[in-house]
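Numbering (the numbering used here), first residue to last: 1 to 262. Backbone N, C-alpha and C define an ideal beta-carbon position, used for all residues, glycine too. Since the structure is predicted, the reported quantities are computational estimates derived from the model, not experimental observations.
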Amino acid sequence: MSIFAYSYMVKALIVGIAISIIIPFMGVVVVNKKISIIGDALSHVSLAGVMLGLITSTSPILGAIILCIVASLFLEFIRTKFPGYQEISTAIVMSTGIGLASILSGFVKKSANFESFLFGSIIAIPDFDFYLILAVALIVFVVFIYFFKDLMYISFDESSARLAGINVDRINLIFMILIAITISVSARTVGILIISSLMVIPVACAMQFKVGYVKTTILSSIFGIIFTILGLVLSFYFGLKPGGTIVLIGVLFLIILLIKNK
Numbered sequence: 001m002s003i004f005a006y007s008y009m010v011k012a013l014i015v016g017i018a019i020s021i022i023i024p025f026m027g028v029v030v031v032n033k034k035i036s037i038i039g040d041a042l043s044h045v046s047l048a049g050v051m052l053g054l055i056t057s058t059s060p061i062l063g064a065i066i067l068c069i070v071a072s073l074f075l076e077f078i079r080t081k082f083p084g085y086q087e088i089s090t091a092i093v094m095s096t097g098i099g100l101a102s103i104l105s106g107f108v109k110k111s112a113n114f115e116s117f118l119f120g121s122i123i124a125i126p127d128f129d130f131y132l133i134l135a136v137a138l139i140v141f142v143v144f145i146y147f148f149k150d151l152m153y154i155s156f157d158e159s160s161a162r163l164a165g166i167n168v169d170r171i172n173l174i175f176m177i178l179i180a181i182t183i184s185v186s187a188r189t190v191g192i193l194i195i196s197s198l199m200v201i202p203v204a205c206a207m208q209f210k211v212g213y214v215k216t217t218i219l220s221s222i223f224g225i226i227f228t229i230l231g232l233v234l235s236f237y238f239g240l241k242p243g244g245t246i247v248l249i250g251v252l253f254l255i256i257l258l259i260k261n262k
């Protein structure tokens, strides 16, 4: 029984590969800026956006995208008011997302759909969401490549980036919007609860090779693709949850690399 004999699995593989390319891209910047918790903060806001989409009977992913973009702008606004205290803005946005999700959960009647976003349901993506995810992933990819050098500079040292003539505030804002969109479109595939794991684990694996920023970025996406494909194949043949399987495979790879480099 071939995995390619089923159209929903082919769609899952296409979406999975697209997502596994852009998530590690965001992860490289997040890890270098030491703000990994942002993934958790925006994923909670994404959860509220999904609920909003379910309540209004529109696209949950579209709801997540809109709410996450608003949250990213709010986060960046708070960050400018507390320079040097990034964790304050992140904690506030996370608390807001949790609070909003808690209130909206009382209005959600489709609990099955809700759970598919919590833990991922990449094999049950509607056609509209399928094309929406691919379109958004392509936009994120193009914008990230266009601002690659600027993002690289601010991920290491914002002060030096300013001296180099980079508009740090503008690039930070663009990055926050990119990461918000990335987390939103990833909700249905890997699950809201484990998005931040897929953002960090491939990067952690790539860092073990010590090959520099550019190659680490590329290697992170390669690892993301490998984890996604293996996770989908194993989940198909063994009846496992795709999102959790993808992340656990990533953790296993990381443990192997850490032991090997010990």
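Terminal residues of the alpha helix (DSSP H) in which residue i lies
i, result
"residue 263", "Outside the displayed span of the chain (1 to 262) sits residue 263, for which this structure offers no information."
"residue 246", "242 to 260"
"residue 153", "148 to 156"
"residue 92", "86 to 105"
Reference residue i, options the options, closest by Cα
i, options, result
"residue 156", "22, 21, 31", "31"
"residue 102", "50, 2, 79", "50"
"residue 165", "174, 172, 150, 178", "150"
"residue 92", "76, 125, 104", "76"
"residue 204", "195, 192, 219", "219"
"residue 194", "11, 2, 36", "36"
"residue 249", "234, 99, 258", "234"
"residue 144", "258, 171, 67, 261", "171"
"residue 99", "48, 88, 262", "48"
"residue 301", "81, 96, 128", "Nothing can be reported for residue 301: it is not among the residues displayed for the chain, which extend from 1 to 262."
"residue 73", "214, 175, 14", "175"
"residue 20", "221, 153, 136", "221"
"residue 202", "180, 257, 178", "257"
"residue 127", "15, 244, 261, 158", "15"
For residue i, the three-state DSSP class (helix, strand or coil)
i, result
"residue 81", "helix"
"residue 4", "helix"
"residue 70", "helix"
"residue 57", "coil"
"residue 239", "coil"
"residue 125", "coil"
"residue 35", "coil"
"residue 45", "helix"
"residue 136", "helix"
"residue 143", "helix"
"residue 108", "coil"
Start-end ranges of the alpha helix (DSSP H) lying completely within the stretch 164 to 219, minimum 4 residues
Along the length of the stretch 164 to 219, whole alpha helix (DSSP H) runs at least 4 residues long occupy 168 to 190, 195 to 207, reported in chain order.
Validate contact between the stretch 28 to 45 and the stretch 6 to 18 using beta carbons, cut 8 Å, 3 pairs:
The answer is no - the stretch 6 to 18 does not touch the stretch 28 to 45, with fewer than three Cβ pairs under 8 Å.
Is the number of C-beta pairs between the stretch 39 to 50 and the stretch 226 to 246 that are closer than 8 Å three or more?
Contact between the stretch 39 to 50 and the stretch 226 to 246 is absent, because fewer than three Cβ pairs lie under 8 Å.
Inspect the CB distances between the stretch 208 to 227 and the stretch 51 to 62 and report whether three or more fall short of 8 Å.
Under the Cβ criterion (8 Å, minimum of three pairs), the stretch 208 to 227 does not count as touching the stretch 51 to 62.
Between the stretch 223 to 236 and the stretch 62 to 77, are three or more C-beta pairs nearer than 8 Å?
Counting Cβ pairs under 8 Å, fewer than three are found: no touch.
So, does the stretch 178 to 187 touch the stretch 124 to 137, judging by three or more C-beta pairs under 8 Å?
These segments touch.
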